[in-house]
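Peer 1:
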Amino acid sequence: MTRLAQSGLIDRTQSLSFSFDGRRYTGHPGDTLASALLANGVRLVGRSFKYHRPRGIFGIGSEEPNALVELRGGARREPNTRATTAELFEGLAATSQNRWPSLGFDVMAVNGLFGPVLSAGFYYKTFMWPAAFWEKLYEPLIRRAAGLGRAPEASDPDSYERMHIHCDVLVVGAGPTGLAAALAAARTGARVVLADEDSRIGGRLLQDRQEIDGAPAALWADRVVAELASLPDVTLLPRTTVFGVFDDGVHAAVERVADHLAEPAPGQPRQRAWTIVARRTVLAAGAVERPIAFSGNDRPGVMSAAATRGYLNRYATLPGQRAVVFTAGDDGWRTAVDLLASGAEVTVVDTRAEVAPAVAATAQRARKVLGGRVTGTKGRLGLSTVQLGTGERIAADLLAVAGGWNPTLHLSSHHGGRPRWDAALHAFVPGQAPPGFSVAGAAAGRMTLAACLADGAAAGLQAARDAGHDGQPLALPRADDEPSALAPIFHVRGAGKAFVDFQHDVTADDIALAAREGFRSVEHAKRYTTLGMATDQGRTANVVGLAILAEATGRTIPETGTTMFRPPYTPVTMGAMAGHMTGREFRPTRRTPLHGWSARHGASFVESGAWLRAEWFSRPGEKGWRDSVDREVLNVRANVGFCDVSTLGKIEVVGPAAAALLDLVYANDISTLKPGRIRYGVMLREDGFVMDDGTCARLSEHRFFLTTTTANAARVMQHLEYCHQVLRPELDVAMLSTTDAWAQVALAGPRARDVLAATTDADLSNAALPHMACTEATLRGGIPARLYRLSFSGELAYEIGVPPDHAESLADLLMQAGAPHGIAPYGTEALGVLRIEKGHAAGGELNGQTTAADLGLGRMLSKRKDFCGRVMAQRPALLDPARPVLVGLRALDPAQVLRAGSHLLAPGAAPTTENDLGHVTAACWSPHLGHMIGLALLSGGRERIGTRIRVHDPLRGGDGEAEVAHPVFIDPDGLRTRG
């Protein structure tokens, strides 16, 4: 055991049992898996990705590159979890990864012998020949070797949720800077959210032996947390990582609500995804200590010096009895002091020939090697020897490395802000931050405690003032600026592999090779070597790698530049992203305002996109759905029926330039449409293919009401906004989706006018309301309505729009008024039969691969104006006479079945791709005609009308012939519609 008898922030009154690779150990509440393993003397925790080298714990937080383990088992199995962030709980079961048959003896460690062959880019060069081997041999082997850990195979038993919160000031990071910023902002009365990825708020105040106001810094942190928790407008979010910064102050975060438990309590989510909308943001994420590249720097027992202090002071764990501190600056001496106080034997190797006497005096009992270098390490499964540049070998079980600090600036880059090199700090610091976003403390390059407190307090107060609150500056507590001189060193040359990116096994030689092979750009070198592409995003590796690349290419580090960072800052589970939206809740189920009414009247429902729609209305005595649908269709043709069409997309476009925008969006002319009239319209995508069809009603000079197909409602709205914002931003126009603002029914049939006339005093004559006209009216009972005379069925028809609250009253009113005329509701199945009989193009024909000409709508394309897709629609391939065009299909006998999706072939032709002439897009039984009919896209279809075609359905065993017909089967002259 290496647990210290005193100190630390763990709860020694309780013990927790846990296992690692099947062996039982004990720890305490407050431990992480990493600290508990170190306290039990476990140094070997994993194997490296490519070479399968032994790896131990290097860091203490989310920057950890090595200690990736698998937690739990079964459906809750969680691969690639950092042992440094996994909180210990009773019964925790952890397993090492990427080894076989065991961690101590890994057969794949033989890869290390092939190091010269497995250098950067080896797969680009090795697996090129023979070509036939790629699919049969190379790819299967690579896929089997790729990846770390095992994903669970069973369904996740836990739940996840999503939350939104708005605030004036968001503070990211709760170390000294973040606490000062949050306190300064909160005391102004601002709404403050303080988020930190750690389970306990305090950051490095919990890990260093520093004092604030003459007391341990952790006590000051506890007092500030208590005050913040007492304020009503402050939200504290520990265990919460802000992983993305987006437009308009939107931030994405994930809270590990129950990851520290064996399983969540009933009703408790495992994780919670937060959308935080902040008027101002202060990034106080601190900094990460970077390593130094030298031979054997990846061996278990080699650790960050700052992490060493953290394990000593927060977790009362001594990582080694015989320690060497390899430092390039003053900060490493603080680790030496803490190690000495914990009883370790310490040697300090400082790369500087001269060290300030006051700094050296802090570690009087330590052996000092000034101007020294660590050139290598020895040890089979853990560190046993440290070799210096002089050839001296020091027996050691701990090597604490302090190469300087890298500000944690990732979130400041999510809007494209490029980090800049700070020559005094020898690190990259944030560049241009997003609007309303400031960076403070160590994240901004101010590395001492007093500077962090002052900078955080100023940033928090300024953020609150910018958000409309004011207050007094925070009275700063007393703290010292610890010595922080640094003479950076990034790489010590020597024999053996010097690792830069521990997680991806990228060495200094790999980066030098990339430079020699022409990958001089940091972005190219990153992808060639995979430097910084692991789950830690290169927190410990990037600057060291860039320094080596700069040296190899004869440039300075700022001339070499740096890569950028993108969300997520740390890995985010798919469960947290999805929240509750899984299974049936993947997306909201939308119900029309008439859903309840339809259910009470015998409707069966079908999913239509996100909607539930009535597909038919059963009547007593009907044996099946066909009986119901046939009755509904025949009733519409002979009498009258109504259908709920509320799901159609509805968009209002308003403004002096509304007609101009719609002329751009629609392929036919809209600006010539008179108020009170409706026009059928076709929209093309920019590539010339049909996007959607629908109607456009001009309600007044500058107000239009558009309808779209149900499936394309959102897509059309996006297209309208794109055309306005990108193509014609100067147009004075506004648009709004009103799909949910109107309940709409289609009233169709020869007696439709009689029924509607019984519900309103409006003039419904052909003269007052002709086909393709619209008007406003008041229905019986004071129901406000819009009337549109248009038809999707081929019969005399009206669409009636009313506010949703009046939907059921409208349905009852129609049933009452239509009773003498045999009215009955009909569903989507009858609607589909009616539209096929009339030859209207819909979902199966609007498949994104058809042009207006294919659908028989080519004459609608205006030759007098420009419109979206006009030029691309004239491409030769889209004008090819052999393109499949819309036709009708007529079954040759009543028993013949036509199915959508069937292929069309010339009679007698073999069913091959070369002979394929098209396919059936829609088919149904027509009770009016007494046989099956269909719509199809058929090559040369118009010339084939009156001939026979083979209808081949290999999947469902269908094969026969049908007659090619005109797509309009009922009333081709449209007399019924205009009746």
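Residue numbers for the sequence shown follow our numbering, so the first one is 1434 and each next one is one higher. We put the CB at the ideal spot given by N, CA and C, even for glycine. Just so you know, these numbers come straight off a predicted model, no measurement behind them.
#1: Are S2104 and A2090 touching if we call contact CB-CB under 8 Å?
#2: In whole angstroms, what is the alpha-carbon distance linking R2292 and T2284?
#3: Compute the Euclidean distance between the alpha carbons of V2330 and D2173, then round it to the nearest angstrom.
#4: Please name the residue in L2197, P2344 and F2122 whose C-alpha comes closest to that of F2300.
#5: Just the Cα atoms here: how many angstroms apart are G1929 and A1884?
#6: Residues in the same chain with beta-carbon distance under 8 Å from L2067, minus the five sequence neighbours each way, listed in chain order, please.
#7: If we require 3 or more residues per run, which beta strand (DSSP E) segments fall completely within the region 2105 to 2130?
#8: Three or more beta-carbon pairs under 8 Å between the region 1978 to 1997 and the region 1509 to 1527, yes or no?
#9: Does the beta-carbon of R2383 have 16 or more other beta-carbons within 10 angstroms, so that it is buried, or is it exposed?
#10: Report the start-end ranges of each beta strand (DSSP E) in the region 2313 to 2352 that is 3 residues or longer and not cut off at the edges.
#11: So, is R2142 buried or exposed, given that buried needs 16 or more other C-beta atoms within 10 angstroms?
#12: Given a cut-off of 8 Å, decide if V2401 and K2298 are closer than it, judged by their beta-carbon atoms.
#13: Please name the residue or residues paired with R2381 in a DSSP beta bridge.
#14: So what does R2023 bridge to, in DSSP terms?
#15: Comparing alpha-carbon positions, which option in S1481, F1759 and L1803 lies nearest G1809?
#16: Bridge partners for L2180 per DSSP, in chain order?
#17: List the whole-angstrom C-beta distance separating V1779 from A1786, where the pair is believed to meet the contact cut-off of C-beta under 8 Å.
#18: Taking the alpha-carbon positions, what's the L2169 to R2136 distance?
#19: Under three-state DSSP, which class holds Y1484?
#20: If I'm right that V1933 touches V1977 with Cβ under 8 Å, what's the distance once you round it to whole angstroms?
#21: Tell me the rounded alpha-carbon separation between A1618 and A1887.
#22: Considering only C-alpha positions, which residue in the set H2013, A2011 and A1738 is nearest to D1771?
#23: L2264 and A2274 - do their beta-carbons sit closer together than 8 Å?
#24: At what residues does the beta strand (DSSP E) containing Q1704 begin and finish?
#25: Touching or not, the region 1726 to 1744 and the region 1693 to 1706, by the rule of three or more beta carbon pairs under 8 Å?
#26: With a cut-off of 8 Å, do at least 3 Cβ pairs link the region 2044 to 2059 to the region 2343 to 2354?
#27: Under a Cβ-count criterion, where at least 16 other Cβ atoms within 10 Å of its own Cβ denotes burial, should D2165 be classed as buried or exposed?
#28: Within 10 angstroms of its Cβ, does Y2002 collect 16 or more other Cβ (buried), or is it exposed?
#29: Tell me, to the nearest whole angstrom, how far the beta carbon of I2366 is from that of R2332; I am working on the premise that it is less than 8 Å.
#30: What are the boundary residues of the beta strand (DSSP E) that includes C1600?
#31: Taking the alpha carbon of S1632 as the point to measure from, which residue in A1519, P1697 and G1622 has its own alpha carbon closest?
#32: Going straight from the alpha carbon of R2219 to that of S2037, what length do you get?
#33: For the alpha helix (DSSP H) that Q2249 lies in, which residues bound it at each end?
#34: Do you know offhand how far I1862's Cα is from P1840's?
#35: Does the Cβ of W1533 have 16 or more other Cβ atoms within 10 Å, making it buried, or fewer, making it exposed?
#36: Buried or exposed: which applies to V2304, given that a residue is buried once 16 or more other Cβ atoms fall within 10 Å of its Cβ?
Peer 2: Inspection of the coordinates gives the following:
#1: No, these two residues do not count as a Cβ contact at 8 Å.
#2: For R2292 and T2284, the distance between alpha carbons rounds to 12 Å.
#3: Looking at the two C-alpha atoms, the distance is approximately 39 Å.
#4: Cα-wise, what sits closest to F2300 is F2122.
#5: Taken atom to atom, the span from the alpha-carbon of G1929 to that of A1884 is near 41 Å.
#6: Counting only Cβ-Cβ distances below 8 Å, and skipping sequence neighbours, we find P2360 and H2361.
#7: Restricting attention to beta strand (DSSP E) runs no shorter than 3 residues, the region 2105 to 2130 encloses them at 2111 to 2117, ordered along the chain.
#8: Touching, no.
#9: Result: buried.
#10: Correct list: 2317 to 2324 and 2336 to 2338.
#11: According to the sequence displayed, residue 2142 carries Thr and not Arg. T2142 should be labelled buried.
#12: In this structure, V2401 does not lie closer than 8 Å to K2298 by Cβ.
#13: BP columns for R2381 point to E2396.
#14: Beta-bridge pairing links R2023 to W2044.
#15: Sorting S1481, F1759 and L1803 by C-alpha distance to the C-alpha of G1809 places F1759 at the top.
#16: Answer by DSSP bridge pairing, in chain order: F2075 and Y2231.
#17: Wrong, their Cβ atoms sit about 20 Å apart, outside the cutoff.
#18: Between the C-alpha atoms of L2169 and R2136 there is a straight-line separation of about 11 Å.
#19: When DSSP states are grouped into helix, strand and coil, Y1484 belongs to the coil group.
#20: With a Cβ gap of about 5 Å, V1933 and V1977 count as contacting.
#21: A1618 and A1887: Cα-Cα distance of roughly 13 Å.
#22: Nearest option by C-alpha distance: A1738.
#23: It is not a contact, given that the beta carbons lie outside the stated cut-off.
#24: According to the DSSP assignment, Q1704 belongs to the beta strand (DSSP E) that extends over Q1704 to L1716.
#25: Taking 8 Å as the limit for Cβ pairs, the verdict is that the region 1693 to 1706 does not touch the region 1726 to 1744.
#26: They do not touch, by the three-pair rule.
#27: Label assigned to D2165: exposed.
#28: It counts as buried.
#29: In this structure I2366 is not in contact with R2332, their Cβ atoms being roughly 12 Å apart against a cut-off of 8 Å.
#30: First-last of the beta strand (DSSP E) with C1600: Y1593 to V1605.
#31: Nearest of A1519, P1697 and G1622 to S1632, Cα basis: A1519.
#32: Between R2219 and S2037, the C-alpha separation is close to 28 Å.
#33: Counting along the chain, the alpha helix (DSSP H) containing Q2249 begins and ends at A2240 to G2251.
#34: Before going on, a small fix: residue 1862 reads as Val here, not Ile. In a straight line, the C-alpha of V1862 is about 6 Å away from that of P1840.
#35: Result: exposed.
#36: Looking at its Cβ environment, which holds fewer than 16 other Cβ atoms inside 10 Å, V2304 is exposed.
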